[in-house]
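No gaps in the numbering here: position 182 of the sequence shown is 202 in this note's numbering, and each next residue is one more.
From the three backbone atoms N, C-alpha and C, an ideal C-beta is built for every residue, glycine too.
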Amino acid sequence: MDVYKLYNMGTSAYLSIQALPLLLTPKLIVSMLASEPRRMTDVEAYLSRSLAMLLLAFAGLHLLQTGAIPLTNSIAESVTATSDKEGLSRNPYAHPTAVITTVYHAISAFYIYTQLAQRSSFAFAIGLICSSALFCVGMWVLLFGSDKRKISKTTGADKRTGNYPFDNKESARHMKKEEKEKSKRRSMLRSNSSKG
21 MDVYKLYNMG TSAYLSIQAL PLLLTPKLIV SMLASEPRRM TDVEAYLSRS LAMLLLAFAG
81 LHLLQTGAIP LTNSIAESVT ATSDKEGLSR NPYAHPTAVI TTVYHAISAF YIYTQLAQRS
141 SFAFAIGLIC SSALFCVGMW VLLFGSDKRK ISKTTGADKR TGNYPFDNKE SARHMKKEEK
201 EKSKRRSMLR SNSSKG
């Protein structure tokens with residue numbers, strides 16, 4: 021599994037984990053947030069559950085837009101025909117979706133950090149760690165995930181490596197060149213020794 025798919029699954033899992041307590045136990049969430057014990061109002065229950073459904077829909081849409089869940093209609097044929105085996109897929113929605121979710125994780129991490137600076141909380145710390153980690157992985161995917169790699173079929177090395185300004189002594193091309201020179205020297209030594 022490449023980093024791009026791992027980022028997609030991690031983002032959707034994080035959003036789903038945030039949504040489940042809001043959907044299943046909104047009374048518990050409201051009672052934890054209230055300063056004095058009281059009954060939950062209908063508006064609070066509605067907002068909690070609608071936010072949970074929004075987060076779940078966002079997680080599902082993220083998986084669909086990035087191609088992590090393959091589509092089964094005619095749209096899928098055009099998307100899978102242009103998909104790339106490694107890195108960011110060529111799906112036209114993949115890169116914008118990754119940008120939006122990375123910005124979301126950055127804003128979420130910043131907001132959680134401001135809340136954590138005011139008062140210490142284990143939940144805020146876990147949220148800050150998760151959002152920051154997903155932001156970092158998202159930035160890595162955006163910066164390096166769409167590189168078209170030129171991998172050699174025989175050696176598995178990247179063909180784009182060069183020898184400027186320093187000579188790459190471990191490159192497959194350099195090693196192959198050295199082997200040819202050694203075999204040439206051996207053949208010359210053999211021919212010289214057979215003559216003498």
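From the options, residue whose alpha carbon lies closest to that of residue i
i, options, result
"Ala114", "Ser141, Leu136 and Leu84", "Leu84"
"Ala39", "Met73, Met208, Val63 and Arg139", "Met73"
"Val161", "Lys200, Val119 and Lys196", "Val119"
"Ala88", "Gln138, Phe130, Tyr24 and Glu56", "Tyr24"
"Met52", "Phe130, Glu199, Val123 and Ser141", "Ser141"
"Met156", "Arg210, Arg58, Ala54 and Phe130", "At residue 156 the sequence reads Cys, which differs from the Met that was named. Cys156 has its Cα closest to that of Phe130, out of Arg210, Arg58, Ala54 and Phe130."
Contacting residues, own chain, Cβ-Cβ under 7 Å from residue i (five flanking each side not counted)
i, result
"His12", "A question about residue 12 goes unanswered here, because the residues of the chain that appear run from 21 up to 216."
"Ser128", "Ser151"
"Ile49", "Pro41, Leu42 and Ser68"
"Ile132", "Phe144, Gly147, Leu148 and Ser151"
"Leu136", "Phe144, Ala145 and Leu148"
Close-in-space but distant-in-sequence residues of the same chain around residue i (CB under 6 Å, 5 per side omitted)
i, result
"Leu35", "Leu75, Phe78 and Ala79"
"Lys197", "none"
Under 9 Å between C-beta atoms of residue i and residue j
i, j, result
"Leu26", "Leu71", "no"
"Glu64", "Pro46", "yes"
Residue environment, residue i, which counts as buried when at least 16 other CB atoms sit within 10 Å
i, result
"Leu154", "buried"
"Pro112", "exposed"
"Tyr66", "exposed"
"Thr61", "exposed"
"Thr86", "buried"
Contact belief for residue i with residue j at Cβ below 8 Å, rounded distance in angstroms
i, j, result
"Gly158", "His125", "6 Å"
Interface flag, residue i vs chain C, CB-CB below 9 Å
i, result
"Met159", "Protein chains in the displayed structure number just one, and chain C is not present."
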